[in-house]
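Everything in the sequence shown is counted per the numbering used here, starting at 806 for the first residue and increasing by one. Think of the CB as a built atom: it goes at the ideal place given N, C-alpha and C, for glycine as much as any other residue. Computed from a prediction, not measured in an experiment: that's the story for all the values here. The structure appears below as structure tokens.
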Amino acid sequence: MSSREALAGKRILVFGGHRRLGRAIALDLARKGADITLTCRHSVGDAEATVATILATGGSAQWRRCDLASHADIADAVAAVLTSRGGLDAVVVCAASYRPGGAEPAAGTDAPEILHENAWAPVQAALAARAALQACGDGRVVLLGDLAGVRPYRGYLAHSMAKAAVHHAVAGLAVELAPEILVNGVAPGAVLRPDDHPEQDWARLQRKNPLGAAALQDPELPVRAVCAAVAFFLTCPRFVTGQVLAVDGGRSAQW
Ligand SMILES: NC(=O)c1ccc[n+]([C@@H]2O[C@H](COP(=O)([O-])OP(=O)(O)OC[C@H]3O[C@@H](n4cnc5c(N)ncnc54)[C@H](OP(=O)(O)O)[C@@H]3O)[C@@H](O)[C@H]2O)c1
């Protein structure tokens, strides 16, 4: 069965599916026939635009507001899918912050928030959907990790710690939620430049992998690779769980 056939009609909740990498993932899944509910926190215009794009191409989508810091928001997002779609087949968690910090003195640090929104909140999102995913018969969860989870970024101690926790959460949730729900992760390297990251430095980071410049001739390729990895975990035979796939041009493999 192709991934297009396997995803057709699947009701997928994409936290943070409104912009950037989450948008690319939501659009890719929608193109393959999935019924997308995406969430945004502040960027309502992006959520509306992404839903409009999916609808304009004949797909099915809706959006909800959700701050992952709020358990009530997470529960509401899950409930919205159940009410409007009658069930839920998969959850993908893309929403995350990318904030520096953690190595400064404890007073005044944002580290607890960074740890919560990047590590504990994705776990909460998976757990909030647990009953619905168990009921659907082929439940799937995909969490977005980060190269930082295995190779800490200088200046981003809390973010890196949180992403390392996501890697462990994938394994832990896979055990906790088995056998009904498969839980896997995708850990991108430098695939999509944050708006505030200087272009030249980003190009330098992207070339720091064994595949080098050759892999980057098509600038869309890294994002496409992430989308393909997410789609794989949402459609693979039910014998793969607890795995995190690095999508980083091999950078995490290189010392
Ligand atoms: N981009 C890359 O190259 C790269 C590299 C490694 C890993 N990743 C991972 O891939 C995923 C997507 O990356 P990205 O670069 O597209 O993400 P991003 O631009 O850093 O963030 C995407 C969105 O997440 C939302 N968000 C942040 N905190 C939130 C919260 N507490 N509750 C709800 N939403 C929240 C924000 O939405 P609003 O604007 O609506 O507030 C933000 O625009 C993340 O997990 C990221 O860590 C990306």
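Taking 7 angstroms as the line, does the beta carbon of residue i fall inside it for any heavy atom of ligand 1?
i       : result
VAL883  : no
GLU922  : yes
SER1057 : no
If you draw a straight line from the alpha carbon of residue i to that of residue j, how long is it in whole angstroms?
i       : j       : result
ALA895  : ALA930  : 11 angstroms
THR914  : ALA967  : 15 angstroms
ASP1001 : ALA926  : 24 angstroms
THR1046 : GLY944  : 11 angstroms
SER848  : HIS823  : 8 angstroms
GLY954  : ALA912  : 24 angstroms
LYS1013 : VAL980  : 34 angstroms
ARG935  : TRP868  : 20 angstroms
GLN1011 : LEU1026 : 12 angstroms
GLU985  : CYS941  : 9 angstroms
GLN1022 : ALA1008 : 12 angstroms
VAL939  : ALA933  : Here residue 939 turns out to be Gln, not Val, going by the sequence shown. Distance between the alpha carbons of GLN939 and ALA933 is about 11 angstroms.
THR862  : GLY814  : 15 angstroms
ARG959  : SER889  : 44 angstroms
LEU860  : TRP1060 : 45 angstroms
ARG828  : VAL883  : 19 angstroms
ALA1019 : ASP1053 : 14 angstroms
ALA831  : VAL1035 : 10 angstroms
ARG870  : GLU1004 : 31 angstroms
PRO910  : PRO917  : 12 angstroms
VAL835  : GLY864  : Per the sequence presented here, residue 835 reads as Ala, with Val not at that position. Computed Cα separation, rounded: 6 angstroms.
SER875  : SER902  : 15 angstroms
LEU982  : ASP878  : 22 angstroms
GLY906  : PRO1024 : 29 angstroms
Please list, in chain order, all residues of the same chain as residue i whose beta carbon is under 6 angstroms from its beta carbon, the five residues on each side excluded.
i       : result
LEU920  : ALA963 and ALA967
SER807  : none
LEU948  : VAL898, PRO927, VAL971, VAL975 and GLY990
PHE1038 : VAL947 and ASN989
ALA969  : GLY954
LEU873  : ALA900, GLU922 and ALA926
ALA908  : LEU962
VAL1049 : GLY950, HIS972, VAL975, GLY990 and ALA992
GLY1055 : ASN1014, PRO1015 and LEU1016
ASP833  : CYS1032
ALA880  : ALA933
Once the 5 residues before and after residue i are set aside, which same chain residues still bring their CB inside 7 angstroms of it?
i       : result
VAL886  : ARG816, LEU818, THR842 and LEU893
THR1040 : SER808, ALA811 and LEU812
PRO1042 : none
ARG904  : ASP915, ILE919 and HIS964
ALA852  : HIS823, LEU843, CYS845 and TRP868
LEU978  : VAL928, ALA931, VAL946 and VAL988
GLY850  : none
ALA937  : VAL883, LEU887, GLY892 and LEU893
Counting only beta-carbon atoms, is residue i nearer than 8 angstroms to chain B?
i      : result
SER848 : Although the question refers to chain B, the structure presented lacks it and comprises just one protein chain.
Below 8 angstroms CB to CB, which residues in the same chain sit around residue i once its five sequence neighbours on both sides are set aside?
i       : result
LEU826  : CYS899, LEU949, PRO993, VAL996, LEU997, VAL1028 and VAL1031
SER1057 : LEU952, VAL955, ARG956, ALA992, GLY994 and ALA1051
PHE1044 : none
ALA924  : MET966, ALA967, LYS968, ALA970, VAL971 and ALA974
Is it the case that the CB of residue i approaches a heavy atom of ligand 2 more closely than 7 angstroms?
i      : result
ARG825 : Looking for ligand 2 in the displayed structure turns up nothing; the ligands present are ligand 1.
**Message:** I'd like to know if the stretch 834-841 and the stretch 853-869 are in contact, where contact means that at least 3 CB-CB pairs between them fall below 8 angstroms.
**Reply:** Between the stretch 834-841 and the stretch 853-869 there are three or more inter-stretch CB-CB distances shorter than 8 angstroms, so the stretches are counted as touching.
**Any 3 or more C-beta pairs closer than 8 angstroms across the stretch 816-833 and the stretch 877-893** = Contact between the stretch 816-833 and the stretch 877-893 is present, because at least three Cβ pairs lie under 8 angstroms.
**Prompt:** Are the stretch 1015-1030 and the stretch 968-977 touching, with three or more C-beta to C-beta distances below 8 angstroms?
**Reply:** No, they do not touch.
**Asked** Hey, which residues come within less than 5 angstroms of ligand 1, measuring from Cβ to any heavy atom, in chain order?
**Response** Proximity annotation: ligand 1 has residues GLY821, ARG825, LEU826, CYS845, ARG846, HIS847, SER848, ASP872, LEU873, ALA874, CYS899, ALA900, ALA901, SER902, TYR903, GLU922, LEU949, ASP951, PRO993, VAL996 and LEU997 in chain order, each selected because its CB is closer than 5 angstroms to a heavy atom of the ligand.
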